[in-house]
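In the UniProt record's numbering, the protein residues as written are 1 to 411. Have a look at the structure below before the remarks.
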Ligand SMILES: C[S@@+](CC[C@H](N)C(=O)[O-])C[C@H]1O[C@@H](n2cnc3c(N)ncnc32)[C@H](O)[C@@H]1O
């Protein structure tokens, strides 16, 4: 290319920027990716396609163009369907519909396979671990399971659900994945426009709802005390405290954690980090006996108060209210085993490393995001821990979410 001659400025050559938003593309759909979509390629660019399945050919409308890197699209017509495609049971599933579910159009067995592929892929990509993964079904089928849910409120005061990646509130009427009876009293009421509503249907069938408006919680329905049953015990906890969403998830997680923990001698010390109301601390305390110690760390005062009440019969349990990252160094130990069940973003590299430095023989990680889990496992590998058992449960059917319990052991 010749140099521009002074005074005869050549027009600047701008890179061709084509915004594909709203374009219709015909795509051959490839593998599933983390987040409830599949990967396709078009003219060398990656397109994340929702409402499609691997192996399908679809016509997809681009919903977002991330400017050169990738696009998002919704399959609006299926040209060649997967044999495992089904009619979504919910009329609000599909393009432009409710953002709560990702896989209503897939057979439940395929949903579990897709989640298994995602877990295996995240472990491979982020932790360098090649492993076959199985996602286990929980009892009860794919519908009627969601005991906890957050709804938005329409401008005319009706509870609804948000469209995918949008602030739009859809007046859904009912939700087929919600636990039976959970939404009825909520849908009948008028709520403050733009508020959010937190709903819990507990094991006794009582519905608790709290309106959240301008940062303030207003109890609206139910006694506010959720009655739950799990790990062979009864639990009364504030409805706003964490509890597993699927009615069978708490028992499945506890069983997998105990399997991961393995033999724990009476008198041993165990840590239950991010312990909530003590779901995992309780069976650990039964294992170590009254002369042992289970240190439960939890930051939510409502949960620690519930743990104090629910575990009052277990003298081994010591409840520490605080943030794990702040209190870790001062905890009684050393622990023979650590269980960590952090929020979705996981421990993070720094905290995973600090935890590994405590020297426990085994660390059991409970995780609802396979990417966060893989990053934490990778961080622990730098400190000599290797992935041992891995269980995964379809605790969120119809969605892309999955619950994992992974045990890492010191080499
Ligand atoms: C996924 S829940 C697990 C609760 C419990 N293990 C169970 O299964 O019921 C995560 C818990 O961690 C608590 N939490 C969040 N951030 C925390 C932090 N930095 N330190 C301690 N607890 C935290 C939350 O309040 C929540 O109860």
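Just so you know, even glycine gets a beta-carbon here, dropped at the ideal spot from N, CA and C.
With a threshold of 9 Å between beta-carbons, can residue 158 be considered close to chain C, or not?
Chain labels in this structure do not include chain C; a single protein chain is all it has.
Quick check for students: name the residue ranges of the alpha helix (DSSP H) that lie wholly in the region 311 to 346, counting only runs of 4 or more.
324 to 327
Could you please give me the residues that DSSP links to residue 60 through a beta bridge?
Reading the chain shown from its first residue, position 60 is the one you call residue 60. According to DSSP, residue 60 bridges with 25, 75.
Here's the rule: buried if 16 or more other CB atoms are within 10 angstroms of the residue's CB, otherwise exposed. What is residue 407?
Within the chain shown, residue 407 is the residue found at index 407, counting from 1. Residue 407 comes out buried.
So, using beta-carbon positions, are residue 48 and residue 33 closer together than 9 Å?
In the chain shown, the residue the question calls residue 48 occupies position 48. In the chain shown, the residue the question calls residue 33 occupies position 33. Result yes, Cβ atoms of residue 48 and residue 33 sit closer than 9 Å.
Can you tell me where the alpha helix (DSSP H) holding residue 380 begins and where it ends?
Taking the chain shown and counting its residues from 1, one reaches residue 380 at position 380. Segment 370 to 381, the alpha helix (DSSP H) holding residue 380.
Alpha carbon to alpha carbon, how far is residue 155 from residue 214? Give it in angstroms, no decimals.
By 1-based counting over the chain shown, the position of residue 214 is 214. By 1-based counting over the chain shown, the position of residue 155 is 155. Residue 214 and residue 155: Cα-Cα distance of roughly 15 Å.
Measuring only the C-alpha atoms, how far is residue 116 from residue 126?
Counting from 1 along the chain shown, the entry for residue 116 is found at position 116. Counting from 1 along the chain shown, the entry for residue 126 is found at position 126. Between residue 116 and residue 126, the C-alpha separation is close to 15 Å.
Pair within 9 Å by beta-carbon distance, residue 249 and residue 276
Locating residue 249 in the chain shown gives position 249, counting from the first residue. Locating residue 276 in the chain shown gives position 276, counting from the first residue. No; because the gap between Cβ atoms is not below 9 Å, this pair is not in contact.
Grab the span of the beta strand (DSSP E) containing residue 53 for me, first residue to last.
Reading the chain shown from its first residue, position 53 is the one you call residue 53. From DSSP, residue 53 is part of no beta strand (DSSP E); its letter is neither H nor E.
Residue ranges of each alpha helix (DSSP H) within the region 230 to 285, 4 or longer
249 to 261
Check whether the Cβ of residue 491 sits closer than 8 Å to any heavy atom of ligand 1, and report yes or no.
Examination of residue 491 is not possible in this model, given that the chain is present from 1 through 411 alone.
Where residue 113 falls: helix, strand or coil (DSSP)
Position 113 of the chain shown, counting from 1, holds the residue named residue 113. Of the three classes helix, strand and coil, the one that applies to residue 113 here is helix, per DSSP.
For the 8 Å Cβ check, are there 3 or more pairs between the region 316 to 336 and the region 272 to 292?
yes
Residues of its chain near residue 87, where Cβ-Cβ distance is below 6 Å and the 5 sequence neighbours each way are ignored:
The count along the chain shown starts at 1 and reaches residue 87 at position 87. If we look at residue 87 and ignore the five residues flanking it on each side, it has no Cβ neighbours.
Same chain only: Cβ atoms within 6 Å of residue 304, ignoring 5 sequence neighbours per side
For the purposes of this step, residue 304 is taken as residue 304 along the chain shown, with counting starting at 1. Within the same chain, residue 304 has close Cβ partners 298, 319, 321.
On the CB-based measure, 16 or more other CB atoms within 10 Å of its CB, does residue 411 come out buried or exposed?
To locate residue 411, count along the chain shown from 1; it is residue 411. Residue 411 comes out exposed.
Segment limits, alpha helix (DSSP H) that includes residue 351
Counted from its first residue, the chain shown places residue 351 at position 351. Taken as a continuous stretch (DSSP letters only), the alpha helix (DSSP H) holding residue 351 covers 349 to 356.
Looking at residue 94 and ligand 2, is the gap between the Cβ and the nearest heavy atom below 8 Å?
For ligand 2, the structure offers nothing, since it holds only ligand 1.
Could you tell me the boundaries of the beta strand (DSSP E) in which residue 198 lies?
If you number the chain shown from 1, residue 198 lands on position 198. Note, residue 198: beta strand (DSSP E), 196 to 201.
Expressed to the nearest angstrom, what Euclidean distance is found between the alpha-carbon atoms of residue 182 and residue 189?
Numbered from its first residue, the chain shown carries residue 182 at position 182. Numbered from its first residue, the chain shown carries residue 189 at position 189. Straight-line Cα distance between these residues: approximately 13 Å.
Pull up the CB-CB distance for residue 57 and residue 80, whole angstroms please, since I reckon it's below 8 Å.
Here residue 57 corresponds to residue number 57 of the chain shown, with the count starting at 1. Here residue 80 corresponds to residue number 80 of the chain shown, with the count starting at 1. Contact holds; Cβ gap of about 4 Å.
Since residue 363 sits in a beta bridge, which residues does DSSP pair it with?
In the chain shown, residue 363 corresponds to position 363, counting from 1. In DSSP, residue 363 forms a bridge with 338, 408.
Residues bridged to residue 213 [DSSP beta-bridge criterion]
Along the chain shown, read from residue 1 onward, the residue named residue 213 stands at position 213. Bridge partners of residue 213: 216.
Give the secondary structure of residue 2 by DSSP, where H, G and I count as helix, E and B as strand, and everything else as coil.
Start at 1 with the first residue of the chain shown, and residue 2 comes out as number 2. Note that residue 2 scores a pLDDT of 35, beneath 50, so its modelled location is shaky and nothing firm can be said.
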